[in-house]
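Participant: Numbering (the UniProt record's numbering), first residue to last: 1 to 685.
1. Does the beta-carbon distance from residue 602 to residue 567 come in below 8 Å?
2. For residue 476, which residues of its own chain have a beta-carbon under 8 Å away from its beta-carbon, when the five flanking residues on both sides are left out?
3. When the distance is taken between beta carbons, is residue 441 closer than 8 Å to residue 409?
4. Quick one: which unbroken alpha helix (DSSP H) runs of 4-plus residues sit fully inside the stretch 89–156? Chain order, please.
5. In the DSSP assignment, the alpha helix (DSSP H) including residue 538 goes from what residue to what residue?
6. Compare the Cα-Cα distances from residue 374 to each of 385, 388, 398 and report the closest residue.
7. Please list the segments of the alpha helix (DSSP H) lying wholly inside the stretch 169–245, counting only runs of 4 or more residues, in order along the chain.
8. Give the straight-line distance between the Cα atoms of residue 386 and residue 392, rounded to the nearest whole angstrom.
9. Which residue from 325, 272, 286, 347 puts its Cα closest to that of residue 311?
10. Under 8 Å between the Cβ atoms of residue 529 and residue 493?
11. Would you say residue 630 reaches chain D, if we count a Cβ-Cβ gap shorter than 8 Å as a contact?
12. What does the alpha-carbon distance come out to for the pair residue 569 and residue 414?
13. How many whole angstroms separate the CB atoms of residue 80 and residue 12, which I take to be in contact at a CB cut-off of 8 Å?
14. When DSSP labels each residue in this structure, what does residue 273 get in the three-state scheme?
15. Give the straight-line distance between the Cα atoms of residue 3 and residue 169, rounded to the nearest whole angstrom.
16. Hey, out of 147, 112, 303, 322, whose CA is closest to residue 133's CA?
17. DSSP beta-bridge partners for residue 264?
18. Give me, in chain order, the residues of the same chain whose beta-carbon lies closer than 8 Å to that of residue 200; leave out the 5 immediate sequence neighbours on both sides.
19. What are the boundary residues of the alpha helix (DSSP H) that residue 470 is part of?
20. By DSSP, does residue 75 sit in helix, in strand, or in coil?
21. Is residue 544 buried or exposed, if buried means 16 or more other CB atoms sit within 10 Å of its CB?
22. Taking residue 687 as the reference, give the member of 26, 367, 400 with the closest Cα.
23. Since residue 498 sits in a beta bridge, which residues does DSSP pair it with?
24. Using a 10 Å radius around the Cβ and a threshold of 16 neighbouring Cβ atoms, would you call residue 403 buried or exposed?
25. Just to confirm my understanding: we take residue 480, look at its own chain, exclude 5 residues before and 5 after, and list those with CB closer than 6 Å. What are they?
26. Would you check if the distance between the CB atom of residue 323 and the CB atom of residue 303 is smaller than 8 Å?
27. Measuring CA to CA, which of 165, 232, 230 is closest to residue 213?
28. For residue 542 versus residue 486, is the C-beta distance shorter than 8 Å?
29. Helix, strand or coil for residue 639? Go by DSSP, reduced to three states.
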């Protein structure tokens with residue numbers, strides 16, 4: 001039909017000219033012609049005003065326009081309107097007209113073959129093709145035809161879904177990522193590649209709304225695909241732990257939105273898989289230093305997951321347990337992650353002790369004030385009737401937890417941290433703390449090589465002792481206090497156990513059964529020490545108290561210890577050739593018959609003493625008389641079995657005196673003009 005072909009050629013020319021007026025008139029002729037629509041799709045200028053195509057909508061064509069002409073010929077004449085170019089075109093040979101129509105249609109069909117949209121050929125399918133065709137030429141603006149489709153009153157659910165779920169999301173993706181992806185390319189993309197695009201996010205941007213693209217891009221695309229396969233691919237390839245590692249502020253927002261939005265669209269067939277994958281992502285990737293808002297978001301997600309959902313490799317991991325773990329991270333252990341907490345809970349007692357010790361060390365080295373948090377954590381771990389809390393250190397008792405915490409404070413020397421515990425502790429806690437404090441007191445004491453109060457180890461002991469005394473009403477710890485004092489006192493003297501063997505504070509403990517051995521070491525290594533009986537007595541009494549020995553046995557002149565020390569001082573006086581001092585102490589000892597009998601040998605040594613510095617190595621006559629009298633007194637108190645020894649010494653002195661010329665005695669003090677001549681009178685008055 002020549003006229004119809006001629007009108008078609010005219011429509012193609014008017015389309016290329018974007019002649020909306022004449023195309024509107026032709027619409028009446030080609031109202032049901034797909035060729036007419038296709039010509040507009042391909043031939044209408046890509047840069048033309050989109051709204052000019054409004055004539056294609058049925059409600060824009062007035063019925064009166066359909067009756068403007070009576071025939072096709074009249075319509076053609078009216079359209080040509082004297083245009084010489086159009087006249088020459090319609091006057092072509094009929095065969096030429098047919099060939100041109102055929103060529104144009106072939107060209108249009110070839111262009112349309114590359115465009116695939118909605119399956120049906122009705123409704124607004126043509127507009128979708130036009131949008132795709134123009135977008136291919138102008139990819140910078142996927143919303144080029146929005147001014148047209150927004151004015152459409154005709155309802156076409158398929159077209160609207162395509163706009164909402166393909167065109168609009170693509171426009172957002174291009175803007176967000178700075179890309180020029182074409183609609184055609186986007187529709188043909190592999191599902192996995194689309195997911196990759198949608199889930200690409202700049203985590204360094206601190207923009208609270210930047211994760212909204214999940215709602216605006218991913219969900220619409222999945223709805224457009226509307227297939228189990230698309231959701232399955234998403235869950236398999238994109239909803240994975242390596243996609244969400246929560247190391248940037250926006251990651252939990254991205255994850256939370258993804259979960260909440262997809263959850264509402266998934267079919268029951270995929271729900272369990274979706275929940276399982278969600279549990280896996282949170283469990284394996286919720287790491288350290290999560291912000292409070294992140295934890296709340298993740299917990300909200302977990303609350304939507306049924307508690308019966310578990311991980312195949314970790315059957316005890318449930319939404320309930322992870323919610324509890326997140327609380328633990330937020331409130332107590334920010335340096336932990338979920339998988340570590342689960343691992344700790346699965347370990348044996350020795351492993352849990354190691355982990356908790358490490359946590360206490362790391363926490364206290366970083367921030368002293370965190371000790372309060374650790375105490376609260378221990379209380380939470382052992383709180384009764386808290387069904388929502390999943391215990392981390394489930395193999396450790398409260399006492400073991402506290403022991404580790406206290407020991408960490410003590411081993412790090414952070415004694416002040418323990419001072420705040422007393423008021424809030426139970427009796428059991430106080431007893432436990434006392435046991436541990438005593439343990440570390442002895443550890444520091446025994447490891448110190450010098451007992452000076454200024455030494456680090458002894459300073460620690462003093463601080464621990466203060467804690468013990470402040471925390472105990474039933475025990476005074478006087479022995480430990482005196483132990484520190486006497487340890488400090490002994491550092492002021494020379495104390496050697498042997499050649500190159502230094503006396504350490506802990507050596508005091510070695511002499512618990514016989515503290516007098518310490519006094520012996522003291523007197524041996526300090527030649528002038530024997531001269532101060534009071535000083536020696538004070539040290540001896542301190543040793544007895546420090547070692548928890550019966551101090552009453554060394555207190556007072558009538559005590560055994562006092563007189564034994566006196567005998568030791570007498571011995572060391574003689575060692576230092578101080579006969580005068582030794583004689584004076586003997587006069588004290590000899591009058592206590594009970595102890596004089598016990599320590600008779602020391603008195604005997606005074607009676608036998610000879611000073612190598614005396615003239616001619618002879619004992620002064622006055623001293624011989626002193627020794628003779630002392631031995632006479634000793635005979636009255638010494639053990640019966642020893643009287644012969646004492647008598648023999650007395651006889652030797654008697655013979656020596658008898659052999660001297662007492663009138664002209666060259667060995668008398670008067671003859672020697674010795675200042676010691678008064679000693680005789682002093683001792684025996």
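For each residue, glycine too, the CB sits at the ideal point set by N, CA and C. If you're wondering where the values come from, they're calculated on a predicted model, not measured in any experiment.
Facilitator: To lay it out plainly:
1. Yes.
2. The residues are 469.
3. If you check the CB distance, residue 409 and residue 441 do not come in under 8 Å.
4. Runs found: 94–112, 125–137, 146–149.
5. Looking at the DSSP string, the run of the alpha helix (DSSP H) that includes residue 538 is 533–546.
6. Distances from the alpha-carbon of residue 374 to those of 385, 388, 398 put 398 closest.
7. For the stretch 169–245, whole alpha helix (DSSP H) runs of length 4 or above, ordered along the chain, are 183–188, 191–198, 219–225, 228–233.
8. Across the structure, residue 386 and residue 392 are spaced so that their CA atoms are roughly 14 Å apart.
9. Closest in C-alpha terms to residue 311, from the list 325, 272, 286, 347, comes 272.
10. A contact, by the Cβ cut-off of 8 Å.
11. Of the chains in the structure shown, none is chain D; there is only one protein chain.
12. Rounded to whole angstroms, residue 569 and residue 414 show a C-alpha spacing of 45 Å.
13. The Cβ separation is near 14 Å, so there is no contact.
14. Residue state, collapsed to three classes: helix.
15. For residue 3 and residue 169, the distance between alpha carbons rounds to 45 Å.
16. That would be 112, whose Cα lies nearest to the Cα of residue 133.
17. BP columns for residue 264 are empty, so no partner.
18. Contacts found: 177.
19. For residue 470, the enclosing alpha helix (DSSP H) covers residues 456–471.
20. Reduced to three states, the DSSP call for residue 75 is helix.
21. So residue 544 ends up on the buried side.
22. Missing from the structure shown is residue 687; the chain here goes from 1 to 685 and no further.
23. DSSP, once it has assigned bridges, lists 501 as partnering residue 498.
24. Result: buried.
25. Here residue 480 has 465 as same chain residues with Cβ atoms under 6 Å from its own Cβ, once five neighbours each way along the sequence are excluded.
26. Closer than 8 Å, so yes.
27. Per the Cα distances, 165.
28. In terms of Cβ geometry, residue 542 and residue 486 form a close pair [threshold 8 Å].
29. In this structure, residue 639 counts as coil in the three-state DSSP scheme.
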